[in-house]
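A.B. asks:
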Amino acid sequence: MRSIFCLAGRTEYSSLEARVHLSEILRQVEEREEITITRRGKPVAIIVSFPEAKPGGYHRILDRFRAIREEIDTLCQQS
96 MRSIFCLAGR
106 TEYSSLEARV
116 HLSEILRQVE
126 EREEITITRR
136 GKPVAIIVSF
146 PEAKPGGYHR
156 ILDRFRAIRE
166 EIDTLCQQS
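Using the numbering used here, read the sequence shown as starting at 96 and increasing by one per residue.
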């Protein structure tokens with residue numbers, strides 16, 4: 096069974112799933128999705144499109160990560 100988790104536009108694959116579904120992952124990345132690769136349930140890598148990886152791309156990714164984290168914190172405080 097394939098386990099893919101989506102959270103706020105992000106997709107996560109285990110390292111084994113990434114090997115099996117590389118072409119699907121590349122298609123998602125081309126569509127500007129960020130893909131997280133995990134090993135034993137822990138994130139080990141993020142795959143982003145080439146334009147995102149260019150200088151300044153890291154800061155855009157970091158800004159998006161911070162925004163997602165703030166949303167999660169807000170949701171947790173409301174519970």
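Think of the CB as a built atom: it goes at the ideal place given N, C-alpha and C, for glycine as much as any other residue.
Every value quoted in this text rests on a predicted model; they were computed, and no experiment measured them.
#1: What does I163 pair with, by DSSP beta-bridge criteria?
#2: Distance check for V124 and L117, CA to CA, integer angstroms please.
#3: Taking the alpha-carbon positions, what's the R114 to L157 distance?
#4: Any idea which residues DSSP pairs P138 with across the strands?
#5: Starting from R127 and walking both ways along the alpha helix (DSSP H), at which residues does that stretch end?
C.D. replies: With the structure as the only source:
#1: Counted from its first residue, the sequence shown places residue 163 at position 68. Answer by DSSP bridge pairing: none, since I163 is not bridged.
#2: Taking the sequence shown and counting its residues from 1, the one referred to as residue 117 is at position 22. Taking the sequence shown and counting its residues from 1, the one referred to as residue 124 is at position 29. Distance between the alpha carbons of L117 and V124 is about 10 Å.
#3: Position 19 of the sequence shown holds residue 114. Position 62 of the sequence shown holds residue 157. So the two alpha carbons sit approximately 26 Å from each other.
#4: Indexing the sequence shown from 1 puts residue 138 at position 43. Per DSSP, T133.
#5: Along the sequence shown, one-based indexing puts residue 127 at 32. Careful: R127 lies outside any alpha helix (DSSP H) and carries neither H nor E.
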